[in-house]
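Asker:
Chains as they are written, first to last, in this note's numbering: chain A, 1 to 476; chain B, 1001 to 1476.
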């Protein structure tokens, strides 16, 4: 582990000279800055936090940190789920939430320039007001775009429209040295040397700090609707996915979840949208499918195609949600899963593996089979169409009890080992969209051969020879 | 420049022990192995060529080359246009054309595994026979897939379907050390550390040797047709592009070319498909547009939308090519552009810049304005919808004349400088799809800031500390 230098009053004064009252030191620091949405992956209090505002300011701060060998961790809204912005080594946290301006649309080339602290929800809304569409749609709408780029966030619509990576045209990045580089440009394709742009996407703040992002936008789909599809069992639900994914209906999203999860969410939200039984038979699991099309007639065709396919695959029924209010309620339930788990449980661990879509049934059935022997609840849901499954180990525990925390962490870790091993056996990967951060670094190490880890470490050293950026994340 | 060791008889014997009669030495070497399709970017005779067959064989050869510090350049079909596979430092050339097996389809997950020497034409045909579609469609159909991945080849359909990068799910790669790594896996998305997969795509054989490729396939479009669209002038043709690109017709391809180019091609192919005048007025340039759709009715709608838009943008006419033979002839003409230039001229230089699509008219008009003062012919065509324009400087010269070659190279270089400067001013990039290779390395250096070049060099050293792989390409 690298040894860092302590922050001296002189260095802190330099920060004040740059960012004034946006520099916060010591006990005045907001404790939220010590972790992301998964504090179980570690809590690390920074010594200084700075709510940064400009590229130049970040450059000046990084120069100082490089000179004095002080660790720097960048954070956005802190909604990450892998401990990616936890300042494990203390030092400085740079928070980008004040860099929340949408800098401008280039309608002729269909793109938008944003600062990294813009919230996903705000960008989606603003793009829509310009008659344009930003397809990536992670569940957490109050994440920052900078965070989305840093983790290559996926979300509901990646099945049809791809992940954040597919929409990043250009980035302004400050290197740990303080040097400012611009990667990419608003062109449709490029073969101009190693793609540093693609390398930066998904690098979780370990290679440089992203200070401006140019995103591709597309025309919004003309119309869409969702299908609520109850099944008797989880297995039947996920078995229907591969054929639907590749069908002519070309779904935008295929989500799955179990009845228990749904019941908990609806209790939490105080709504009741999904049927719990069909003709006297109890529902065990659901698919939630979104279809879009260029016209209502085409949408009707897709609905017919998908419905027939689902009923043939033993769906109990297919309910079409096309009224906006009903659609909103349906998806609000889906988007609130994590929030509802946080509300129900004190202790949560998670796994976000991705497997080839045809292997999803085997994986889901395997996880289901482990449940009975586990000392905690297991909730399982996610982007079935992508083979990307979120598995949560959850228990109530006594709030603040170290014994409970320790016991849970141990049991959850053993469970995680099983999940990652099974995913690997199915040619899957450690994370589909949450990233590696601090919480999953050991599993990444195990899943890749040492040569790949060595190359990743080598790349890290090229960008950040002093290893000051976001220490102990991903591979270092 | 790195100093390499000479090949000794002992080392050559080691190669024979591995690959037997597929090792060729000295004067028996096929002189084609000394360059790609642009010999003007340098000719370098290898000392040994090996038509490799397996990953393990390549690993064993690279171990030897690493130990003895011998340069190794990999080549596929040699159809590159940037001098990417020219063995500038001599040494060993590994040719992958015998690694031409399609290893198998995974229809449930919609992908195919291929060896790197499979030809694009063969893969496209074979996938179609399996009811599947491999969208990337570079003009050169007899390029290898390995070459396509190494340059992130784009082609005709990248406007709608993306470039080769978007279809690479996994790669087996041999590092210069002989270590074998597998990058990626057949999953739809991933956020599992730095994307070495994306870094390898477009790295032109400088970071590792690709020995197996897993490619995503999609369902083929149900129907398609092309529009032949004559315009009075080049400027009018390219001005019609941005609106068409973003229209509801969602074109698969928007190509442009000038009348002179077309006439030369048709003379070369002995066909006549395109109209040369409309109602007594001479045609100056063409757009060639492909539309596809899920049904004939939808295709008709797209044709209507696109045609109206084009006629409003001063197209002289819109001819619909939907009969297979007519379609084939039309696209055969487009695909033969480079071949026809090679046939007409002895000396050729080229530039493959990409600019934001809305800047294409300004760029094309600028290039056209330079023509009159130049001592060679300039042909200009390309993927207008992508803002990716191929500009060829061509002259007949006396075959084999060193004076003519020298004078042409100088004049062409001055022209290239102007083109790259203009593209940069429009926020464009040095190469849209041909790659950097040897021919464009100096322009890449000028187009990027030194910090980015330093990072690329650092990455190269991480993968290839002895700098033995494909020396003097891209950034080293």
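Where a beta carbon is used, it is the ideal one built from N, C-alpha and C, also for glycine.
1. Decide yes or no for the touch test of the segment 226 to 241 of chain A against the segment 283 to 301 of chain A: beta carbon pairs closer than 8 Å, at least 3 of them.
2. Does the segment 73 to 85 of chain A come into contact with the segment 30 to 43 of chain A, if we say contact requires no fewer than three beta-carbon pairs (one atom in each stretch) closer than 8 Å?
3. Does the CB of residue 1356 (chain B) have a neighbour CB from chain A at under 9 Å?
4. Between the alpha carbons of residue 157 (chain A) and residue 242 (chain A), how many angstroms are there, rounded?
5. Shortest alpha-carbon distance to residue 306 (chain A) belongs to which of A:167, A:183, A:227?
6. Quick check: is the beta carbon of residue 54 (chain A) nearer than 9 Å to any beta carbon in chain B?
7. Nearest-angstrom Cα distance between residue 1464 (chain B) and residue 1049 (chain B)?
8. Would you tell me roughly how many angstroms separate the C-alpha atoms of residue 413 (chain A) and residue 349 (chain A), rounded to the nearest one?
9. Going along the chain, which residues of the segment 83 to 97 of chain A sit with their C-beta nearer than 8 Å to a C-beta in chain D?
10. Specify, as a first and last residue, the run of the beta strand (DSSP E) that residue 1170 (chain B) falls within.
11. Please report the residue range of the beta strand (DSSP E) in which residue 1345 (chain B) lies.
12. Kindly say whether residue 1427 (chain B), judged by its beta-carbon, lies nearer than 9 Å to any beta-carbon of chain A.
13. Given residue 472 (chain A), which residues of its chain have a CB within under 8 Å of its CB, disregarding the five upstream and five downstream residues?
14. Give the straight-line distance between the Cα atoms of residue 69 (chain A) and residue 293 (chain A), rounded to the nearest whole angstrom.
15. Going by the CB atoms, is the gap between residue 1093 (chain B) and residue 1046 (chain B) shorter than 9 Å?
16. Indicate the three-state DSSP secondary structure (helix, strand or coil) for residue 231 (chain A) in the structure shown.
17. Report the rounded CA-to-CA distance for residue 1212 (chain B) versus residue 1172 (chain B), giving the unit in angstroms.
18. Taking the alpha-carbon of residue 268 (chain A) as reference, which of A:336, A:182, A:168, A:312 has the nearest alpha-carbon?
19. What does the Cβ neighbour count give for residue 382 (chain A), buried or exposed, with the cut at 16 atoms within 10 Å?
20. Less than 8 Å between the CB atoms is what I'm expecting for residue 1198 (chain B) and residue 195 (chain A), so what's the real figure, rounded?
21. In the segment 1424 to 1455 of chain B, which residues sit with their C-beta less than 8 Å from some C-beta in chain A, listed in chain order?
22. Enumerate, from N- to C-terminal direction, the unbroken beta strand (DSSP E) stretches of 3 or more residues contained entirely within the segment 1001 to 1027 of chain B.
23. Would you tell me roughly how many angstroms separate the C-alpha atoms of residue 1416 (chain B) and residue 1208 (chain B), rounded to the nearest one?
24. Residue 463 (chain A) versus chain B: which residues are under 7 Å apart at the beta carbon?
25. Verify the CB distance criterion: does residue 310 (chain A) have a CB-CB separation below 9 Å to chain B?
26. Helix, strand or coil for residue 158 (chain A) per DSSP?
27. Go to residue 140 (chain A), then tell me how far its beta strand (DSSP E) extends in each direction, as first and last residue.
28. Given residue 262 (chain A), which residues of its chain have a CB within under 6 Å of its CB, disregarding the five upstream and five downstream residues?
29. So which residues of chain B does residue 60 (chain A) contact, with C-beta pairs closer than 7 Å?
30. Checking contacts by CB at 9 Å: is residue 466 (chain A) closer than that to chain B?
31. Can you tell me the Cβ-Cβ gap for residue 249 (chain A) and residue 291 (chain A), rounded? I've got them flagged as a contact below 8 Å.
32. Give the single residue among B:1310, B:1225, B:1072, B:1343 whose Cα lies nearest to the Cα of residue 1295 (chain B).
33. Which bits of chain A does residue 1474 (chain B) rub up against, with CB to CB less than 8 Å?
34. Under a CB-based cut-off of 9 Å, is residue 1130 (chain B) close to chain A?
35. With 9 Å set as the bound, which would you pick, yes or no: does the beta-carbon of residue 1151 (chain B) sit closer than that to a beta-carbon of chain A?
36. Mind checking residue 24 (chain A): buried by the 16 CB within 10 Å criterion, or exposed?
Answerer: The relevant details are as follows:
1. yes
2. yes
3. In the second chain, residue 1356 (chain B) corresponds to position 356, counting from 1. Yes, residue 1356 (chain B) counts as interfacial toward chain A.
4. Against the first chain, residue 157 (chain A) aligns to sequence position 157. Against the first chain, residue 242 (chain A) aligns to sequence position 242. When rounded, the distance between both Cα atoms is 16 Å.
5. Here the question's residue 306 (chain A) lines up with position 306 in the first chain. That would be A:227, whose Cα lies nearest to the Cα of residue 306 (chain A).
6. Numbered from its first residue, the first chain carries residue 54 (chain A) at position 54. Chain B contact via Cβ: absent.
7. Counting from one through the second chain, the residue named residue 1464 (chain B) turns up at place 464. Counting from one through the second chain, the residue named residue 1049 (chain B) turns up at place 49. Their Cα atoms are separated by approximately 21 Å.
8. Here residue 413 (chain A) is taken as the residue at index 413 of the first chain, counted from 1. Here residue 349 (chain A) is taken as the residue at index 349 of the first chain, counted from 1. Distance between the alpha carbons of residue 413 (chain A) and residue 349 (chain A): 8 Å.
9. The displayed structure is made up of protein chains A and B, and chain D is not among them.
10. Sequence index remark: in the second chain, residue 1170 (chain B) carries index 170 (1-based). Residue 1170 (chain B) -> beta strand (DSSP E) spans 1168 to 1174.
11. Counting from one through the second chain, the residue named residue 1345 (chain B) turns up at place 345. No beta strand (DSSP E) holds residue 1345 (chain B); DSSP gives it neither H nor E.
12. Within the second chain, residue 1427 (chain B) is the residue found at index 427, counting from 1. For residue 1427 (chain B), the answer is yes, since a Cβ of chain A falls inside 9 Å of its Cβ.
13. For this step, residue 472 (chain A) is matched to residue 472 along the first chain. Around residue 472 (chain A): 1, 88, 89, 438, 441.
14. Here residue 69 (chain A) refers to the residue found at position 69 when the first chain is read from its first residue. Here residue 293 (chain A) refers to the residue found at position 293 when the first chain is read from its first residue. Spanning the two alpha carbons is a distance of roughly 54 Å.
15. Working through the second chain from its first residue, we reach residue 1046 (chain B) at position 46. Working through the second chain from its first residue, we reach residue 1093 (chain B) at position 93. Yes.
16. Translated into positions along the first chain, residue 231 (chain A) becomes position 231. Looking at residue 231 (chain A) - three-state DSSP - the assignment turns out to be strand.
17. Locating residue 1212 (chain B) in the second chain gives position 212, counting from the first residue. Locating residue 1172 (chain B) in the second chain gives position 172, counting from the first residue. Approximately 5 Å, taken between the alpha carbons.
18. Numbered from its first residue, the first chain carries residue 268 (chain A) at position 268. Minimum Cα distance to residue 268 (chain A) is reached at A:336.
19. As a working note, residue 382 (chain A) is residue 382 in the first chain. Residue 382 (chain A) comes out buried.
20. Working through the second chain from its first residue, we reach residue 1198 (chain B) at position 198. Working through the first chain from its first residue, we reach residue 195 (chain A) at position 195. The pair is a contact, with the Cβ atoms about 6 Å apart (cut-off 8 Å).
21. 1427, 1428, 1429, 1430, 1431, 1432, 1433, 1434, 1435, 1436, 1444, 1447, 1448, 1449, 1451, 1452, 1455
22. 1023 to 1025
23. For the purposes of this step, residue 1416 (chain B) is taken as the residue at position 416 of the second chain. For the purposes of this step, residue 1208 (chain B) is taken as the residue at position 208 of the second chain. Approximately 30 Å, taken between the alpha carbons.
24. In the first chain, residue 463 (chain A) corresponds to position 463, counting from 1. Residues of chain B passing the Cβ test: 1455.
25. As a position in the first chain, residue 310 (chain A) is number 310, starting the count at 1. Not one chain B Cβ lies under 9 Å of residue 310 (chain A).
26. Here the question's residue 158 (chain A) lines up with position 158 in the first chain. Residue 158 (chain A) falls in the helix class under three-state DSSP.
27. Your numbering for residue 140 (chain A) matches position 140 in the first chain. First-last for residue 140 (chain A): undefined, no H or E at that position.
28. Position 262 of the first chain, counted from the first residue, corresponds to residue 262 (chain A). So the qualifying residues of the chain are 274.
29. Here residue 60 (chain A) refers to the residue found at position 60 when the first chain is read from its first residue. What residue 60 (chain A) touches in chain B: nothing, since even the nearest Cβ is about 17 Å away.
30. For the purposes of this step, residue 466 (chain A) is taken as residue 466 along the first chain, with counting starting at 1. For residue 466 (chain A), the answer is no, since every Cβ of chain B falls outside 9 Å of its Cβ.
31. Residue 249 (chain A) sits at position 249 when you count from the first residue of the first chain. Residue 291 (chain A) sits at position 291 when you count from the first residue of the first chain. Sure, about 6 Å apart at Cβ, within 8 Å.
32. On the second chain, residue 1295 (chain B) is found 295 positions in, with the first residue counted as 1. Closest option to residue 1295 (chain B), Cα to Cα, is B:1225.
33. The sequence position of residue 1474 (chain B) within the second chain is 474, counting from 1. Correct list: 193, 194.
34. Position 130 of the second chain, counted from the first residue, corresponds to residue 1130 (chain B). Answer no: the Cβ-Cβ gap between residue 1130 (chain B) and chain A never drops below 9 Å.
35. On the second chain, position 151 is the one that residue 1151 (chain B) refers to. Residue 1151 (chain B) counts as touching chain A.
36. The sequence position of residue 24 (chain A) within the first chain is 24, counting from 1. Residue 24 (chain A) comes out buried.
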